[in-house]
Each structure stands twice: as C-alpha cells, then as structure tokens.
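Engineer: Questions regarding the structure given below will be posed in turn.
There are 2 protein chains.
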Amino acid sequence: MGARSITREARYTPPMPIEKKRLDVRRFDAAKMQKLNLFETGRFFLDVYCLEPGQAQKPHVHADSDKLYAVLEGAAEVTVGAERATLGPGEVVLAPAGVEHALENHGPGRAAVLTFAAPHTHPK
Amino acid sequence: MGARSITREARYTPPMPIEKKRLDVRRFDAAKMQKLNLFETGRFFLDVYCLEPGQAQKPHVHADSDKLYAVLEGAAEVTVGAERATLGPGEVVLAPAGVEHALENHGPGRAAVLTFAAPHTHPK
Chain A
958 MGARSITREA RYTPPMPIEK KRLDVRRFDA AKMQKLNLFE TGRFFLDVYC LEPGQAQKPH
1018 VHADSDKLYA VLEGAAEVTV GAERATLGPG EVVLAPAGVE HALENHGPGR AAVLTFAAPH
1078 THPK
Chain B
958 MGARSITREA RYTPPMPIEK KRLDVRRFDA AKMQKLNLFE TGRFFLDVYC LEPGQAQKPH
1018 VHADSDKLYA VLEGAAEVTV GAERATLGPG EVVLAPAGVE HALENHGPGR AAVLTFAAPH
1078 THPK
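In order, the protein sequences belong to chains A and B.
Each number in this note's numbering comes from the position in the first sequence (counting from 1) with 957 added on.
Each number in this note's numbering comes from the position in the second sequence (counting from 1) with 957 added on.
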C-alpha cells in the first residue's frame, strides 16, 4: 500500500483525448477542389470541401456509404441521381448509397461544403 | 414499339428525390432538450439538439457508434471520457464508440448542436 497504492481514478486514461476541430477551416487551390479532413474513423469521415468557382467533384457512386453535403459558405449545385439543387449556406442534402452524386460551384464566389460519409468510403 | 417504346431516360426513377434540410432549424422546450432530426438512414443520423440554459444530455455510451457534436449556436460543454471542453459556434468534437459522453448548456444563451452518429444508434 502507501506509495504503491493507485486509485481507480488516478489510473484512468481516456481512450482518446478530446480534440476540437473547426468548421471554418479553409484551403483553396486553383488546381482543384481541396478536401480538408476534420475527423475520420472506420465508421465515417467529416471533411470540408473547398471549391473555387468552376471547380467540381465529378459524378460518382458509393455502393455502401451514405453521404451528406451541407453548404457552409457560398453556394454549390448538388446532383443526386436525376435530381439537382443549388444549396446556399446552411442547406443540407443526402446522397444515399448506390446513387450517383456530384457537386459543383458555379460561382461567382468560393464555396465550402461540409461533407459526411458513413461508413468511411476509404477506410484506412 | 411506337407508343409502347419507353426510353431508358424516361423510365429512370431516382431512388430518392433530393430533399433540402436546413441547419438553422430550432425548437426549444423548457421541459427538456429537443432533438430535431434532419436525415437518418440505417448508416447514420444527423440531428440538431436544442438546449435551453441548464439543459443537458446525460452521460451515456454507444458501444458501436461514433458521434460528433458541432456547436452551431451558443456554447455547450462536452464531456468525452475524462476530458471536457466548452465549444463555441463552429467547433466540433468526436465521441468515439465505447467512450462515455455528455453535453450541457451552462448558458447564459440557448445552444444548438449539430449531432451526427454512425452507425445510427437506434436504427428503425
């Protein structure tokens, strides 16, 4: 006992320290859309996509992952299957697994789009 | 053929019509924290939690789902395991599967917290 006694509390180590990320991270590149990862696990990813006017994420499909696009800044046109919508700040759409989807910034300003996918489309 | 001919395009029905939701939805209730669902599938849910000052989501654990809390409005104290942080607008934290987590609005204003869990913690 004495110095060797370690309480339950003192021994406790959290599995992962709390870490804050910010939705207002941005990085733009004239060459192509930028993807900034905030968090990812095997179960999901949360990214901020940064698109200069004219930049796009080409149509593609995830067989087994659902995706959400939420515009944070600017405007972006989202295509999901045969449907299309232009989203402004604070608007969110779902691209369900198995449905082709795409994202495009027709300008005139930059666009930042919060993107979630579950499960992660490219797990490590 | 003739009238019975249906082109591939005309036959196409998207699996789900595009539907916009908004991050600025709010509903507060003096009785308890409100959960407003934006989207949910078997793979995830995306909710906005609305907390009056003093309201909280009690400590709980999801064995197999990761959760994200992103403060949209006001401030909220998030506890994850033994760690604790107060988040302001645009700040995000991860509560990994298996780790106890909780949320509390210490005021003085209302708080709105975007909450994402994958997989869905209570699939239909």
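Don't be surprised by glycine CBs; every beta carbon is placed ideally from N, CA and C.
If we count the other Cβ atoms within 10 Å of its Cβ and call it buried at 16 or more, is V1018/B buried or exposed?
Structural biologist: Within the second sequence, residue 1018/B is the residue found at index 61, counting from 1. Exposed: under 16 other Cβ atoms inside 10 Å.
Engineer: Name the residues in the segment 983-1002 of chain B whose C-beta lies less than 7 Å from a C-beta of chain A; which are they?
Structural biologist: Listed by position, the residues of the segment 983-1002 of chain B near chain A (Cβ gap below 7 Å) are L995, F996, T998, R1000 and F1001.
Engineer: Do V1050/B and L1044/B have their C-beta atoms within less than 8 Å of each other?
Structural biologist: Along the second sequence, read from residue 1 onward, the residue named residue 1050/B stands at position 93. Along the second sequence, read from residue 1 onward, the residue named residue 1044/B stands at position 87. Cβ atoms of V1050/B and L1044/B: closer than 8 Å.
Engineer: Can you check which of these residues, F1002/A, A1052/A, R1067/A and C1007/A, is closest to V982/A by C-alpha distance?
Structural biologist: By one-based count along the first sequence, residue 982/A stands at place 25. Ranking the options by Cα distance to V982/A, first place goes to C1007/A.
Engineer: If you reduce the DSSP assignment to three classes, tell me which class P1016/B lands in.
Structural biologist: The residue labelled residue 1016/B in the question sits at position 59 within the second sequence. Strand, per DSSP.
Engineer: Can you tell me which of A988/A, F1001/A and K977/A puts its alpha carbon nearest to the alpha carbon of A1054/B?
Structural biologist: Locating residue 1054/B in the second sequence gives position 97, counting from the first residue. Selected option, being the one with the closest Cα: F1001/A.
Engineer: Give the residues of chain B in contact with G1047/A, contact being defined as C-beta atoms less than 8 Å apart.
Structural biologist: Position 90 of the first sequence, counted from the first residue, corresponds to residue 1047/A. R979, L980 and D981, listed in chain order.
Engineer: Per DSSP, N957/A is paired with what?
Structural biologist: With chain A running from 958 to 1081 in the structure shown, residue 957/A is simply not present.
Engineer: Just to check my reading of the structure: L980/B and G1047/A have Cβ atoms closer than 8 Å, yes? What is that Cβ distance to the nearest angstrom?
Structural biologist: Walking along the second sequence from the start, residue 980/B turns up at place 23. Walking along the first sequence from the start, residue 1047/A turns up at place 90. Rounded, the Cβ-Cβ distance is 4 Å, consistent with contact.
Engineer: Could you confirm whether any beta carbon from chain B is found closer than 8 Å to the beta carbon of E1061/A?
Structural biologist: On the first sequence, residue 1061/A is found 104 positions in, with the first residue counted as 1. So no, E1061/A is outside the interface.
Engineer: Can you find a CB in chain B that lies within less than 8 Å of the CB of R1067/A?
Structural biologist: Counted from its first residue, the first sequence places residue 1067/A at position 110. False, the Cβ-Cβ gap to chain B never drops below 8 Å.
Engineer: For A1052/A, which residues from the same chain have a beta carbon less than 6 Å from its beta carbon, with the 5 sequence-adjacent residues on both sides left out?
Structural biologist: On the first sequence, residue 1052/A is found 95 positions in, with the first residue counted as 1. For A1052/A, where only same-chain residues beyond five positions count, the Cβ hits under 6 Å are K1024, V1037 and H1058.
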